[in-house]
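Protein chains in written order, with UniProt numbering: chain Z, 1 to 124; chain F, 1 to 124. We treat Cβ as the ideally placed atom computed from N, Cα and C, and that holds for glycine. All of these numbers come straight from a predicted model, not from anything done at the bench.
2 protein chains.
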Amino acid sequence: MGDIQAIAKQFTDFYYSTFDSNRSALQAVYRPTSMLTWEGSPILGATDITEKLVSLPFEKVQHKVTTFDAQPSSPTIASILVSVTGLLLVDDSPNPLQFSQIFHLIPDAGSYYVYNDVFRLNYG
Amino acid sequence: MGDIQAIAKQFTDFYYSTFDSNRSALQAVYRPTSMLTWEGSPILGATDITEKLVSLPFEKVQHKVTTFDAQPSSPTIASILVSVTGLLLVDDSPNPLQFSQIFHLIPDAGSYYVYNDVFRLNYG
């Protein structure tokens, strides 16, 4: 489990720092078969997912991870399920938004890609 | 995707209505290999998971699902990833707690069991 926690932590650190600095570079973590459900809307494949992320209507964004959990998701392959909750600080708004996100990471050629990605804002 | 949404909805309806009425019956959805991470604490296997759920310190509990997303989690087997956010009403407290939960459902013998389960309360 140690490795899984470390890999998942490394991935989320990379994902959110890239999201907050250079969203288009996130294309590298997705594949043609990757799925994103963004606030209930399903999007398929690295190209469309990246287009969606890049087109989100904010200039400055910062993710602050509040909780982070990881589990192996299969008895046969080294895939990892990651669950994150946190705060999203958008542009100059003083009010952070709460979010939940899950990633399902699949090993391939010595690295991992995102097969499943579900993002939700949590309204009180 | 239609089937997946329907199966995931049927599962979560069953899970939360059982949780709210007869927690010990949830043992049926877990297996010896099932994992629960409950507020950061890892628990392995149907017996220990059920013991944890039954021992939670509230008498009355009600889950209200706010958002619900499901995706197929594998290109080769009919497994399903379910992401839920919602409100937890505990005993006679007037203040609902926000929660996030994910389930990874694996098909077996015409039914599904929970392989991964991650539960978190979301504090503002």
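Within the same chain, show all residues whose beta-carbon is closer than 6 angstroms to that of residue i, passing over the 5 residues directly before and after it, in chain order.
i, result
"D69/Z", "S83"
"M1/Z", "Its pLDDT being 46, under 50, M1/Z is placed unreliably by the model, and the measurement read from it follows with that caveat. Hits under 6 angstroms: none found."
"Q101/F", "V84 and F119"
"N116/Z", "M35 and H104"
"T67/F", "T85"
"A78/Z", "P107"
"I4/Z", "A70, P72 and I80"
"Y16/F", "H63"
Please go through the same chain and pick out, in chain order, the residues whose beta-carbon is closer than 7 angstroms to the beta-carbon of residue i, but skip the five residues on each side of it.
i, result
"L44/F", "M35"
"Y123/F", "none"
"S73/F", "S79, I80, L81 and H104"
"F14/Z", "none"
Does the Cβ-Cβ distance between residue i and residue j come in under 8 angstroms?
i, j, result
"G86/F", "K64/F", "yes"
"T47/F", "L26/F", "no"
"Q62/Z", "L89/Z", "yes"
"D91/Z", "E39/Z", "no"
"Y113/Z", "Y30/Z", "yes"
"S21/F", "V54/F", "no"
"T37/F", "P75/Z", "no"
Count the other CB atoms, across all protein chains shown, that sit within 10 Å of the CB of residue i; report buried if there are 16 or more and exposed otherwise.
i, result
"A8/F", "buried"
"Q71/Z", "buried"
"F11/F", "buried"
List the residues of chain F that residue i touches, going by C-beta distances under 8 angstroms, in chain order.
i, result
"D69/Z", "T37, G40, V118 and R120"
Please compile the residues from chain F whose C-beta is within a distance smaller than 7 angstroms of the C-beta of residue i.
i, result
"P75/Z", "T33"
Note down, in chain order, every chain Z residue with its Cβ under 7 angstroms from the Cβ of residue i.
i, result
"H104/F", "S73 and L81"
"T85/F", "S100, R120 and N122"
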